[in-house]
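Number of protein chains: 2
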Amino acid sequence: MSPNRSVNRLLQYRTCLLKFQDLGFEKVFSYNLGEEAGVTPEQVRKDFSHFNIKGHKKGGYNINELLFTINNIFKSYKVQKIIVVGMGNIGTALTQFINFKNNNLTIVAGFDINPTALKKKFDIPVYPVNEMGNFIKANRIKIAVLAVPGPAAQEICNTLVTAGIKGILNFSPVILKTPNNVSVKNVNLIDELEGLIYSSVLS
Amino acid sequence: MSPNRSVNRLLQYRTCLLKFQDLGFEKVFSYNLGEEAGVTPEQVRKDFSHFNIKGHKKGGYNINELLFTINNIFKSYKVQKIIVVGMGNIGTALTQFINFKNNNLTIVAGFDINPTALKKKFDIPVYPVNEMGNFIKANRIKIAVLAVPGPAAQEICNTLVTAGIKGILNFSPVILKTPNNVSVKNVNLIDELEGLIYSSVLS
DNA sequence: TAGATTGTTAATCGATTAACAATC
DNA sequence: TAGATTGTTAATCGATTAACAATC
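Protein chains in written order, with this note's numbering: chain A, 238 to 440; chain B, 238 to 440.
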């Protein structure tokens, strides 16, 4: 497995490549990508080397080829079914954002303690949390977005893991305990803002 | 300035400490915090050392004291005024989440291209983007959350920077160019999910 | 006191950067 | 060809881990 940092940057390069493609470019050199992504050209080439991505000596990288290769690495050619747990403000917004934006990532269902109490209209089916385990197994869901209040997070996480979830995008302000074949990415909005304030105040 | 990683972990420790406090504990040892946060006890002590945080030899760390010290480092004792640009689903959800959750971080205003067209009721005043610069200057805002569509992001970012913003939490799928006295934290939800799929599929 | 824990210094590890041969 | 760029190997840098003296 390639280092995590490289994986993140590879996704950033993709964002840059899409922009270049949009501008009508056909190829890039490592220093173009580096400049756009805010890293050195050596970093770009080193990252590509990790994934065995080849360019053309002196000729740089063909943007379409490169995007194809990267999308292949991330299996972006096939639809990935995802569920959202916790259909509050954040959960609902994420669902709309992801389903509207992208066609390989699809939120197929939402879960909440008591969906009928929410009195909202959703774009996806929303079921009570106690049906979650069966749904995950029946649909072989591997990825879940967790957007429930802190105190509920660990218990729901356990249910997710038991049902077969392998990756969790966690918006709850809790550090989840999971077996190490389950990966967790934390997005703690308060912490991000605090970190920003920290670096802004001192500099 | 202390290393970025340490800053992030310090914020995580705070989350853990709040949990411990909630459970009625009064003190922790470095291995308690380490276990809870998923790092080694040495890492915890090293991080504290960066910020010159002192415990008690053999006696561990008093939770209240420690929380006070950490909150002090992040200036959490005083209200931080923040604005949100882009009052779509994500922007609106973030506003509600942050204002509801925490009382030192306050979203004081939102901005959108054409607020009246949104036909939504907001909990905060929402103004058109062209009033943004003046508002930032008049209220000495230093932190902004950016949640606008990709193509609009860089231009709005430039306006923010010119008006005096020093930190940007960026939800737009764009790598922003800013002068190096302005810090940017990117939250790219699609990338986070793709990264999760990458690690889940391969392991 | 003896055992346990902190705080720091030294050693290791991994990631980034520099250098350069290969080559188009 | 000469100059420019890739891809990889070596050197550097920084962050994590280990070791241990201080001490309660």
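For every residue, glycine included, the Cβ atom is placed at its ideal position computed from N, Cα and C.
Buried or exposed: residue 375(B), going by 16 or more other Cβ atoms within 10 Å of its Cβ? exposed
Please state whether DSSP places residue 384(B) in a helix, a strand or coil. coil
Answer with buried or exposed for residue 444(B), where buried requires no fewer than 16 other C-beta atoms within 10 angstroms of its C-beta. Absent from the model: residue 444(B). The displayed extent of chain B is 238 to 440, so no value can be given.
Alpha helix (DSSP H) segments (min. 4 residues) lying fully within the segment 242-276 of chain A: 267-274
Got a sec: is the Cβ-Cβ distance from residue 267(A) to anything in chain B below 9 Å? no
Indicate whether residue 306(B) and residue 290(B) have their beta-carbon atoms separated by less than 9 Å. yes
Are the C-beta of residue 429(A) and some C-beta of chain B separated by less than 9 Å? yes
Can you tell me where the alpha helix (DSSP H) with residue 330(B) in it begins and where it stops? 326-338
Can you tell me the Cβ-Cβ gap for residue 385(B) and residue 393(B), rounded? I've got them flagged as a contact below 8 Å. 6 Å
Measuring only the C-alpha atoms, how far is residue 339(A) from residue 251(A)? 14 Å
Collapsed DSSP secondary structure at residue 408(B) in the structure displayed: coil
Return the Cβ separation of residue 203(B) and residue 434(A) in integer angstroms, given the expectation that the two are a contact with Cβ distance under 8 Å. An answer regarding residue 203(B) cannot be provided, because it is not within the stretch 238 to 440 covered by chain B.
In chain order, what residues of the same chain lie with their CB nearer than 6 Å to the CB of residue 258(A), ignoring the 5 residues before and after it? 300
Does the CB of residue 392(B) have a neighbour CB from chain A at under 9 Å? no
Just to confirm my understanding: we take residue 366(A), look at its own chain, exclude 5 residues before and 5 after, and list those with CB closer than 6 Å. What are they? 348 and 350
Pairwise C-alpha distance: residue 295(A) and residue 329(A): 48 Å
Residue nearest to residue 298(B) in terms of C-alpha spacing, selected from 396(B), 287(B), 308(B) and 282(B): 282(B)
Residues near residue 243(B) in its chain [Cβ-Cβ closer than 6 Å; skip 5 each side]: 284 and 287
Which residues in chain B sit within 7 Å of residue 365(A), going by Cβ to Cβ distance? Ordered by position in chain B, no residue passes the 7 Å Cβ test against residue 365(A), which lies about 22 Å from the chain.
Cα separation between residue 358(A) and residue 254(A)? 37 Å
Under the three-state DSSP convention, the category residue 359(A) falls into: coil
Near residue 308(A), which residues of its chain fall below 7 Å by C-beta distance, leaving aside the five closest residues on each side in sequence? 314
Would you please verify whether the beta carbon of residue 281(A) is less than 9 Å from any beta carbon of chain B? no
Helix, strand or coil for residue 342(B), going by three-state DSSP, please let me know. strand
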